[in-house]
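Have a look at the structure below before the remarks.
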Amino acid sequence: MTMSVLLTGGAGYIGSHAALALLQSGFRVCVIDNLTNGSTEALRRVQEIAGKELHWVEGDVRDGHLLRRLLIQHGIEAVLHFAGLKSVGQSVLDPLTYYDNNIGGTLQLCQAMSEAGVHKLVFSSSATVYGDPATIPVVESCPTSSPENPYGQTKLMAERMLSDLARADARWRIAVLRYFNPAGAHASGLIGEDPREIPNNLLPYVSQVATGRLKAVQIFGNDYPTPDGTGIRDYIHVVDLVEGHVSALKRLKNQSGLDVWNLGAGRGYSVLEVIKAFERVSGKSVDFNYAPRRSGDIAQCWADPSKAWRELGWKAQRGLEEMLGDAWRWQSANPNGYRDDELTI
Ligand code: NAD
Ligand code: UDP
Numbered sequence: 071m072t073m074s075v076l077l078t079g080g081a082g083y084i085g086s087h088a089a090l091a092l093l094q095s096g097f098r099v100c101v102i103d104n105l106t107n108g109s110t111e112a113l114r115r116v117q118e119i120a121g122k123e124l125h126w127v128e129g130d131v132r133d134g135h136l137l138r139r140l141l142i143q144h145g146i147e148a149v150l151h152f153a154g155l156k157s158v159g160q161s162v163l164d165p166l167t168y169y170d171n172n173i174g175g176t177l178q179l180c181q182a183m184s185e186a187g188v189h190k191l192v193f194s195s196s197a198t199v200y201g202d203p204a205t206i207p208v209v210e211s212c213p214t215s216s217p218e219n220p221y222g223q224t225k226l227m228a229e230r231m232l233s234d235l236a237r238a239d240a241r242w243r244i245a246v247l248r249y250f251n252p253a254g255a256h257a258s259g260l261i262g263e264d265p266r267e268i269p270n271n272l273l274p275y276v277s278q279v280a281t282g283r284l285k286a287v288q289i290f291g292n293d294y295p296t297p298d299g300t301g302i303r304d305y306i307h308v309v310d311l312v313e314g315h316v317s318a319l320k321r322l323k324n325q326s327g328l329d330v331w332n333l334g335a336g337r338g339y340s341v342l343e344v345i346k347a348f349e350r351v352s353g354k355s356v357d358f359n360y361a362p363r364r365s366g367d368i369a370q371c372w373a374d375p376s377k378a379w380r381e382l383g384w385k386a387q388r389g390l391e392e393m394l395g396d397a398w399r400w401q402s403a404n405p406n407g408y409r410d411d412e413l414t415i
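Residue numbers (this note's numbering): 71 to 415.
Laid out in structure tokens, this is it:
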């Protein structure tokens, strides 16, 4: 029988790609999103690409009543929890909003799930929980460390809350997925990353410089102990990333308790390598200048994704050039993101 899943934050960047992958894998999909950083046009396009419908509700994950109703009315069997705020800088300026949304939201969600008898959960965590890892590539058993910013704290606290929950009640089956650096877009160019503000992340910033919307990339630090002095990260194609969620969801059937998987490609690229590769793929020049290191950044980090391969049968299939090519197809076809086509569905 078809399984029904609820995606919190399903109108956002990763959630919309996950909604598409789940529809294409035969799941029935229900989305709740408060649209602080999501778009109804993304959901319209997801349905267009899939040729299938999803159910969507504008609402907040801190609204326990609404969640319970959705879980029960739609016969939800599992939840993928993407909803949250993700700007590191903003979390430093406004920590309470971040704790409220990310911790309060996860707490309300778990309570509503418990009351509705739904115990399967896939949680969006982040490599930020490793802090500055002692060994690279990073394995899941690497100690987590106290992140320097409230955003990172919310991810670590949510992981701990979920781990306590799974320990207290054997009915829970929880997959914690630690994302490295999601990037790129669906190959159709119809859905992609559409930040409301000036982007914080490297890839959307580079793309917007290439379209002329922004002037030049500031490279945060060229004095790191890396081969070219710029920071190294593990960029993972968003379509690979969401396929990891489908694999984790399928495994929850046979899992007990909580388990953690890294979702990364398993190799790192420097900021300069990314910019040069983007120029090659797009045929556009991307101006940049060197700026001081960004506070809280580490020199380098990439995943050991072998646990996900062993246990979920998942690994990243798409390389850097494909990721950048897909990011560029999306950005060049939609220089203003979804804004030109935003409507209510
Ligand atoms: P996004 O901002 O594009 O998507 C998040 C969605 O959640 C948005 O559509 C937003 O409107 C919605 N939302 C926020 N608060 C909500 C609330 N209280 N109730 C209902 N909806 C709410 O972000 P994304 O890049 O798709 O990230 C998804 C998840 O993955 C987040 O939890 C994020 O912290 C995590 N993550 C992202 C990255 C990354 O680089 N993109 C890396 C690691 C982890
Ligand atoms: N970066 C940069 N300029 C930018 C944004 C990011 O040089 O405008 C660098 C950043 O210092 C890091 C890498 O690009 O080395 C990836 O940063 P991002 O914010 O995308 O992800 P993070 O790894 O910080 O979560």
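Beta carbons: idealized from backbone N, C-alpha and C, even for Gly. It should be emphasised that the depicted structure is a prediction, and the values quoted were computed from it without experimental measurement.
D396 is not a Cβ neighbour of A280, given a cutoff of 9 Å. Rounded to whole angstroms, the Cβ separation of I84 and S194 is 7 Å, and the two are in contact under 8 Å.
Residues S86, A89, L90 of the same chain have their beta carbon placed closer than 6 Å to that of V116, with the five preceding and five following residues left out of the count.
I289 has its Cβ nearer than 8 Å to a heavy atom of the ligand UDP.
Closer than 8 Å to some heavy atom of the ligand NAD: that describes the Cβ of K225. For the options L247, S355, A347, G338, the alpha carbon positioned closest to that of E381 is the one of L247. Assigned with DSSP and collapsed to three states, E210 falls in coil, not helix or strand. The ligand UDP has a heavy atom closer than 8 Å to the beta-carbon of N251. Positions of the alpha helix (DSSP H) runs, each at least 4 residues long and wholly inside the region 212-263, are given as 220-238 in order along the chain. Relative to the ligand UDP, I302 has its C-beta within less than 8 Å of a heavy atom. If you draw a straight line from the Cα of Q223 to the Cα of K323, it is about 30 Å long. Taking C-beta atoms under 8 Å as the contact rule, D304 and Q387 fail to qualify, at a distance of about 15 Å. Using a Cβ-Cβ distance cut-off of 8 Å, the region 262-282 and the region 391-407 are in contact, since at least three pairs of beta carbons, one from each stretch, lie closer than that value.
In the three-state reduction of the DSSP assignment, R132 falls in the coil class, being assigned neither a helical nor a strand state. In this model, S277 and E313 are separated by some 24 Å (Cα to Cα).
Within the model, the alpha-carbon separation for D298 versus Q370 is close to 12 Å. Proximity of the region 135-149 to the region 282-290 falls short of the contact definition, fewer than three beta-carbon pairs being nearer than 8 Å. At least one heavy atom of the ligand UDP lies closer than 8 Å to the C-beta of Y275.
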